[in-house]
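Below is one structure, written out as structure tokens, with a few remarks after it.
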Amino acid sequence: MPLVKQGRITTDLFVDVADGAELPGDGAILVTAERFLADPEALLRRAGKTGVVWPNNRDLDELVPYLDRIAAVALVFPTFRDGRAYSQARLLRERHGYDGELRATGQILRDQFVFMTRAGFDAFEVKKDADADAFAETMKRYSVFYQPTGDGRVTALHRRMQLRHSESAGQ
Amino acid sequence: MYAYDELDRTLINERVSEFRDQVKRRLSGELTEDEFKLLRLQNGVYLQLHAYMFRVAIPYGTLSSKQLRRFAHVARRYDRGYGHFTTRQNIQFNWIKLAELPDALADLAEVGIHAMQTSGNNMRNVTSDQWAGVAPGEVEDPRIWSELIRQHTTLHPEFSFLPRKFKIAITASEHDRAAIKIHDIGLRLHKNADGETGFEVLVGGGLGRTPFIAKTIKPFVHGRDILSYIEAILRVYNQYGRRDNIYKARIKILVHELGIEKFAKEVEEEWNQMGDSELRLDYAAIEEVRSRFSYPPYEKLPHMPDELKRAAHDPLFERWRKNSVSPHKVQGYSIVTLSLKPVGGPPGDATAEQMDALADLADKYSFGEIRVGHEQNLALPHVAKRDLPQLFKALDRLGLATPNVNLVTDIIACPGLDYCSLANARSIPIAQELTRRFANHDTADLIGRLHINISGCINACGHHHVGHIGILGVEKNGEEFYQITIGGRADENAQLGTLIGPAVPYAEVADVIEDIVEAYLALRDRPEELFVDTVKRLGVEPIRERVYATR
């Protein structure tokens, strides 16, 4: 499954570590929420980066105290019709100020890229190679956005207001 | 009318391109049917019994003549020459080909029409009063707010994959023509003591398998905060709404299971945490949208023009005028409702020829504007009273002057088993039979206001729960049976109907309805007491006794 990060297909440096499995030396790891919460300090003391796979039905409050020391949060889309992780993503970015990697995992198709990016995701475990290849192109699908989110894209309303200002300034 | 600017047009065109790519990927096999299903549903495309069905949005029920002509074009070019107006200010085309859908969408996009979120588990087309902006006594035009919400809910990055569909309706009149109490969010526009515009927010209404009337979650949310408040409701719903069972996934179930107080508390907490976000609408932002609504240059006209006095001698005109013409906020003008319920016809259908001709009439008599209401009728919102006699003749020729608005034959019905893959029973033939039974307009007048709503299955697209008489098709041992309820209503006093007796087979439905109406005529206090008020006063029992005594 290709990983798209910063707009490009890239090698996944994180290794998924199953619950109970031995930790690899100093490499970057992704662990489950249970494993992480069982002994967060021990994991965060390692030299390697720690990422957590957070289920879409678990309250973020338990994760929030560790956000500044976590390298990656992977949010889950069990099917792409289950949109709970969009809310989690926005809360992590916009309310809790999380600025590490925010990864979308599960059934990820190209048709979600724009929504996900707007919600704060910057890494995508894409199901199909063709979709991963089409990432950059797909992100160009839209140039107009109605809602303000944490991604900083200027909304249609703002553009209209700016236009009005510049028009009235020019008179 | 709302005028789309370059940004609105760009977004619609970008959506068409995206959908074109999605169809291409489906046709090439790159997308599985399961994957494509969700993508097509996001854009109003259902797979029905015989073909794809294509549902197009008419936001808050406002259409220009140009847009209506384009519907006629789509009906003719891509369908079988007609379209079907639904109960949620949409139009459906029933025989569209998948490969041609992108072209149909592109044709519609040219006139600012789209199909975004007319189906699927997202925020659906925002609906409002079909008399918005012209109804006497309205607090203010609710379409300004409808449009702000329409934009905010279009391709929303957080709420496009909700547990289930989500419908918002807005009214700004005392009499609720938008049925806000049967919506996921209902907004009643009103002013606070300081004269500021805001909304009573209702939540958790909906019909279907488990019907609920919406409850008030907050009596007043200031207009500037309405987007953030809606967003708070949706965020709570998106996270906590049930996803394990499609029949328990609507927000009404979450509200019911938590209780309105607890749900309100969750929303309030979320809303407080959102704080003063970018969602707050400042005055200039609201005015920006308001400025793009244009209103007709009304003339100063007499209240009672000579043309109208002369036409009063024509009994056919008078009957139509009394039934279909309503007061306008501007003197000398009227709102004209056009019945899409001809005797023997399927409710809500219009042919391409009717649509084209009506577009011409709108240009001539209604400043190029047409409205669509949830009762599956159309309206011309700005007709000068002096033009009414001419308009009547033209509408009559088109078959659009049936004087049965709000009467027993003005039936709301879903497509039922004739088209729909979910249906258990037929709806349209029941409606057609009833219009024949009550074809005598004098009888219908005598009966007075009476709403019959028919659904072909428990999903309740025909809003049977809130019909004065509700008819629900069910299947019993492979046969079509119908449950009948009475006493429901969808207005500001919204209420669910009560079952009157055991389900009856297809062939007996019209007889039972006739008996119910007979019983009402015998039991009503005085001719002005409406059916629904008689049921309220007496309860179901006296009517049940009369109807089922001989059965």
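Chains as they are written, first to last, in UniProt numbering: chain F, 1 to 171; chain X, 1 to 551. C-beta atoms are modelled at their ideal positions from N, C-alpha and C, and glycine is treated no differently.
Within chain F, partners of X:Pro157 - CB distance below 7 Å: Neighbours of X:Pro157 on chain F, chain order: Tyr86, Phe115, Arg118, Ala119, Gln147, Thr149.
When X:Glu508, X:Gly467, X:Met274 are compared against F:Gly150, the one with the closest alpha-carbon: The shortest Cα separation from F:Gly150 among X:Glu508, X:Gly467, X:Met274 belongs to X:Met274.
Using 8 Å as the threshold, is the region 229–240 of chain X in touch with the region 155–169 of chain X, meaning 3 or more CB pairs across them? yes
Between the region 302–315 of chain X and the region 345–361 of chain X, are three or more C-beta pairs nearer than 8 Å? no
For the region 442–453 of chain X against the region 359–374 of chain X, do three or more pairs of beta-carbon atoms, one drawn from each stretch, fall closer than 8 Å, so that the two count as touching? no
Compare the C-beta of X:Lys130 with all C-beta atoms of chain F and state if any pair is closer than 7 Å. Correcting the residue type first, residue 130 of chain X is Gln in the shown sequence and not Lys. X:Gln130 does not count as touching chain F.
Buried versus exposed, by CB contacts within 10 Å (16 or more), X:Arg436: Exposed, since its Cβ has fewer than 16 Cβ neighbours within 10 Å.
Could you tell me whether any Cβ in chain X is nearer than 7 Å to the Cβ of F:Gly152? By this cut-off, F:Gly152 is not an interface position.
How long is the line joining the alpha carbons of X:Glu14 and X:Phe481, rounded to whole angstroms? 46 Å
In the DSSP assignment, the alpha helix (DSSP H) including X:Ala362 goes from what residue to what residue? Note, X:Ala362: alpha helix (DSSP H), 352–365.
Look up F:Ser14 in the DSSP assignment and say whether it is helix, strand or coil. A quick correction: the sequence has Phe, not Ser, at residue 14 of chain F. Three-state DSSP puts F:Phe14 in a strand.
Using 7 Å as the limit for Cβ to Cβ distance, is F:Gly7 near chain X? Taking Cβ atoms only, chain X never reaches closer than 7 Å to F:Gly7, which makes this a no.
Listing by chain order, which chain F residues have their CB less than 7 Å from the CB of residue 559 of chain X? Limits of chain X in this structure are 1 at one end and 551 at the other, which puts residue 559 of chain X out of reach.
Going by C-alpha distance, which of X:Leu234, X:Glu158, X:Ala106 is nearest X:Val74? Of the residues X:Leu234, X:Glu158, X:Ala106, the one whose Cα lies closest to the Cα of X:Val74 is X:Ala106.
Could you name the residues of chain X that F:Tyr66 contacts, counting a contact when the two beta carbons are closer than 8 Å? The premise fails here: F:Tyr66 is roughly 20 Å from chain X at the closest Cβ pair, so nothing lies under 8 Å.
I want to see whether chain F comes within less than 7 Å of X:Leu258, judged by CB atoms only; does it? Output row for X:Leu258: interface = no.
Between F:Gly83 and chain X, is there a C-beta pair that is closer than 7 Å? Interface residue, yes.
Quickly, what does DSSP pair X:His222 with across the bridge? List them, please. X:Gly198
Excluding the five sequence neighbours on either side, which residues of its own chain have a C-beta within less than 6 Å of the C-beta of F:Ala123, listed in chain order? Lys5, Glu101, Arg103
Tell me, please, whether the CB atom of F:Tyr142 is closer than 7 Å to any CB atom in chain X? yes
Per-residue burial, X:Ser427 [other beta carbons within 10 Å of its own, 16 or more giving buried]: Counting C-beta atoms within 10 angstroms of its own C-beta, X:Ser427 has 16 or more neighbours from the protein chains shown and is therefore classed as buried.
Whole-number beta carbon distance between X:Val517 and X:Ile447, since they are thought to touch under 8 Å: 6 Å
Quick check on DSSP: helix, strand or coil for X:Trp95? strand
For the beta strand (DSSP E) containing residue 553 of chain X, list its first residue and its last residue. The requested residue 553 of chain X does not occur in the structure, where chain X is confined to residues 1 to 551.
Proximal chain F residues relative to X:Arg243, where beta-carbon distance stays under 7 Å: Asp82
Indicate whether at least one CB of chain X lies closer than 7 Å to the CB of F:Ala47. no
Three-way DSSP call (helix, strand, coil) for X:Trp320 in this model: helix
Buried versus exposed call for X:Asn90 [16 or more other C-beta atoms within 10 Å across all chains shown]: buried
Does DSSP put X:Thr118 in a helix, in a strand, or in coil? coil
X:His465 and X:Gly487 - do their beta-carbons sit closer together than 7 Å? no
Are the region 74–86 of chain F and the region 41–58 of chain F touching by the rule of at least three beta carbon pairs closer than 8 Å? yes
With DSSP as the reference, label X:Arg280 as helix, strand or coil. coil
Is the separation between the beta-carbon of X:Arg143 and that of X:Ala132 shorter than 7 Å? Result yes, Cβ atoms of X:Arg143 and X:Ala132 sit closer than 7 Å.
Quick one: grab the DSSP three-state call for X:Pro136. coil
Between X:Ser65 and X:Leu340, what straight-line distance do the alpha-carbon atoms span, to the nearest angstrom? 17 Å
Quick check on the burial criterion: 16 or more other C-beta atoms within 10 angstroms. Buried or exposed for X:Tyr424? One point to set straight first is that residue 424 of chain X is Asn, not Tyr, in the sequence displayed. X:Asn424 comes out buried.
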